[in-house]
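Counting in this note's numbering, the final residue of the sequence shown is number 637, and the numbers go up one at a time with none missing.
No residue lacks a Cβ here, since even glycine has one placed at the ideal position from N, Cα and C.
Take a look at the structure set out below.
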Amino acid sequence: VGMQDGELDFDGENSGGSNNMVEEDDKLNGNLKSLGGMFDIKIIDDIDNVMAVSNTIDFDNSYDPSLTHYVSLTVPKDEVWKASEIFWTIVKLNLEQLETVDKTTYEFSPIELFQIRNSFGFKGNLHFIQKTFVGDFQFDIVFNMHESNDKFDSDDFTGKLDEMFNLIDDKFTRKYQLSVPFNTQEYISFAKEILSQLLGGITYLNDDRKINKDKMKEDSVHINSKIEGGNEGPYELFTCVSSRLFASRGGYWDEGFHLLPICDYDSDLALEIIKSWVLLIDDSGWIAKEQILGDEARSKAYAETIVPNTHIASPPTLMLALSKIIKLSKSSQNVIDGHALASDILDKKSLGSLHEENMDLLVFYLRKLYPKLQKHYEWFRETQRGNSDEIERDYSNNKEIYRWKGRGEDTTPPSGMDDYPRGDVDIGELNVDLLSWMGLMTRSMYEIAEIIEEYDDLRTYKERYNDIVKNIVDVHWSENDEMFCDVNVDEDDNDIFECHEGYVTLMPFIHILIDSSDNVKLVKILKALKDPSKLWSNYGIRSLSKKDLNYHKGDDYWRGNIYVNINYLILEALYHYGSDENVSEEARNLANEIYVELRENIVNTVFNEYNRTSYAWERSEE
16 VGMQDGELDF DGENSGGSNN MVEEDDKLNG NLKSLGGMFD IKIIDDIDNV MAVSNTIDFD
76 NSYDPSLTHY VSLTVPKDEV WKASEIFWTI VKLNLEQLET VDKTTYEFSP IELFQIRNSF
136 GFKGNLHFIQ KTFVGDFQFD IVFNMHESND KFDSDDFTGK LDEMFNLIDD KFTRKYQLSV
196 PFNTQEYISF AKEILSQLLG GITYLNDDRK INKDKMKEDS VHINSKIEGG NEGPYELFTC
256 VSSRLFASRG GYWDEGFHLL PICDYDSDLA LEIIKSWVLL IDDSGWIAKE QILGDEARSK
316 AYAETIVPNT HIASPPTLML ALSKIIKLSK SSQNVIDGHA LASDILDKKS LGSLHEENMD
376 LLVFYLRKLY PKLQKHYEWF RETQRGNSDE IERDYSNNKE IYRWKGRGED TTPPSGMDDY
436 PRGDVDIGEL NVDLLSWMGL MTRSMYEIAE IIEEYDDLRT YKERYNDIVK NIVDVHWSEN
496 DEMFCDVNVD EDDNDIFECH EGYVTLMPFI HILIDSSDNV KLVKILKALK DPSKLWSNYG
556 IRSLSKKDLN YHKGDDYWRG NIYVNINYLI LEALYHYGSD ENVSEEARNL ANEIYVELRE
616 NIVNTVFNEY NRTSYAWERS EE
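Here you go:
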């Protein structure tokens, strides 16, 4: 009753006079004003659990693995995240104490050696509860506020879990209508598992970050290698995390791809994540590619990414998700009356799609984010624009040409495809993939402007979009190479094409920026996709053509390996052009043929590798 705010204490009986072993269910009492006051946490074992038994250390029962072990100690608040290191330090102390006896530690059972013990009678703000089982096991962790009228017990869980599983199954069936050949039970179970892992990786982060605001010189190489930077924050982020064990941070490049399947399942949740990211856009319009918040995240990050530079970009993948939600909203057949909204929130059938089904709600949401999105868009146009003074040719609009700033001789981290082969670093370089991302971004901005009725902005965005689409052809299409290419300058300052067939040269197609009537370019791209000597494989579309001199050379990340996220976008583009009646019959038939086969290849690649390794990988090798 007299607990102070922020305290958490163990409430239970120790076994046999020990200070670290518990016979009954474990219970912790706490008080946290931000949660509403007093609460308790109970950890309740299943009656079928079998605790481990061993007696190789028969002279000291505090190592006994047949009982729950509990240890508490005080650590500085900003070091609590090192719980794993602290746990193994306690285990090391155990080993050091056993070295004082006549036997050597390898004569004892590891089950006992790894039991935590409170030899020094510590008590504090970090609490360890350790259970050691044999075989399958389960236990319930029950959290209840003391003042709550709706308290849970372990017996309530089974019914609640069954109810939730049924709700999830019903929602999954409605949201994802899997079609042949992936509508069998094994693929349905696989899809649910992958979705649950994606949703389970959603994380809330709150801490400071390091920032480098030094202005880059025009000819500088990648500047993110600078380690020093000022601390700012704290900042918060609600985000998907690819692997919390190895990378407890948010990635802007990754997030847009994470959100695409979440948009289908729960567009409201996707919008909450998008909002969290958009709120991190600073006054200049910049957002860091890697959101590395706090010491724990920094401890798991590459040194060169810890201190991002405020002049370095990242592909605006969030626009993929925003455009998808707008599309879902426009095609929704169940428009909810605004006056009925409050009651429909409680309708489980509407859960997760309120913005999708109610255009007024979506308009309200987009109006809130629009000023930040505008800043972000204009930041790209200002900081990543190509140097038109170095360009010999006069294009239709020299403002709509772009170059990734901050790249190195053999790497372009801002592009998301770090080691994809490029030309020499030069201020006259123009990148077709960045222009394509700007096309996607501009199209998304005019879609938003249209919905929220900002018609002056809408006209501006449409004009810019038309200029971008024209420049993609005028600036980047190489007739000799029959592909879209980066543009660079030679020793005599003449414009030259830098062509490395693969994901970069496909970007205008991937982002559906090629006019439907342009049969020549569409057919050439589609034939290159289907050519086994170039991009086609039985596992997905390669990142780089087999004919390129850089194929599987160097660090070999984006030099031939197959990436699931880009293959997904390729499938979307194939579906679009294969469904567009304005596309020639030749191109439409070819797009549909490739779509069917590529869809089976990429799904089975992920499916088979998951069954083989128990992981879903972002890339695969042939």
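Coil, strand or helix - residue i by DSSP
i	result
E596	coil
R224	strand
Y417	strand
S204	helix
E28	coil
C278	helix
G309	helix
F154	strand
G45	strand
A262	strand
G21	coil
R422	coil
H4	Residue numbering for the chain in the displayed model covers 16 to 637; residue 4 lies beyond these limits and cannot be assessed.
E633	coil
W394	helix
Y317	coil
I56	strand
Residues near residue i in its chain [Cβ-Cβ closer than 6 Å; skip 5 each side]
i	result
S208	The question names Ser, but residue 208 is Glu in the sequence shown. Nothing meets the Cβ criterion.
F137	L88
W551	K545
I360	Low confidence applies here, because I360 scores a pLDDT of 36, under 50, leaving its location unreliable and the question unanswered by this model.
Y219	F253
K364	With a pLDDT of only 45 at K364, under 50, the local geometry of the prediction cannot be trusted, and the value read off the model is given with reservation. Around K364: no qualifying Cβ.
Test: residue i CB closer than 9 Å to a CB of chain C
i	result
L584	No chain C appears in the structure shown, which is made up of a single protein chain.
C-beta atoms of residue i and residue j nearer than 9 Å
i	j	result
I556	L605	no
I62	D155	no
T6	V37	Absent from the model: residue 6. The displayed extent of the chain is 16 to 637, so no value can be given.
L449	Y417	yes
E633	Y578	yes
N140	L23	yes
L260	N221	no
S282	L343	yes
G575	S548	no
N35	N29	yes
F512	D533	no
D501	V440	no
N469	V538	The amino acid occupying residue 469 in the given sequence is Glu; Asn does not appear at that position. Not a contact, by the Cβ cut-off of 9 Å.
L388	I296	yes
Y78	L128	yes
G401	L445	yes
Pick from the options that is closest to residue i, judged by C-alpha positions
i	options	result
W452	L528, N64, F197 and Y219	L528
A316	G266, E397, S548 and Q389	G266
Y566	M522, I609, S531 and Y518	Y518
F272	I296, D222, S338 and A318	S338
I648	S134, T120 and S81	Because residue 648 is not part of the residues shown, which for the chain are 16 to 637, the question remains open.
V484	E513, N553 and N413	N413
Q153	E424, F137 and F172	F172
R264	R224, G248, S599 and E247	R224
N198	A631, R627 and V618	V618
S368	L294, A285 and K383	A285
N509	M460, G174 and G443	G443
H491	A336, Q130, K536 and R603	K536
Q145	N109, C255, F102 and I183	F102
V621	E39, F205, E178 and F180	F205
I226	N626, K390, G309 and K186	G309
E415	S346, D489 and V322	D489
S459	Q130, A312 and I340	I340
Same chain, Cβ closer than 7 Å to residue i, neighbours up to 5 away in sequence not counted
i	result
D433	T426, T427, Y572 and W573
G215	none
A15	With the chain covering only 16 through 637, there is no way to say anything about residue 15.
W394	S299, G300 and W301
D117	none
N553	N616
N228	It should be pointed out that residue 228 corresponds to Lys in this sequence rather than to Asn. Hits under 7 Å: T325.
G569	D425 and D434
Cut-off 8 Å between Cβ atoms - residues of its own chain near residue i, not counting five sequence neighbours on either side
i	result
W268	K304, S329, P330, T332 and G431
G454	Y480, I483, V484, I487, P523, H526 and L528
D530	V484
The ligand ADP heavy atom lying under 8 Å from the CB of residue i
i	result
V579	Only the bare structure without any ligand can be found here, which leaves the ligand ADP out of the picture.
Hey, which unbroken runs of the beta strand (DSSP E) at 3 residues or more fall wholly within the region 502-586? 510-513
In chain order, what are the residue ranges of uninterrupted beta strand (DSSP E) at least 3 long that sit wholly in the region 458-486? none
Which full runs of the alpha helix (DSSP H) of 4+ residues lie inside the region 93-141, going along the chain? 98-113 and 125-128
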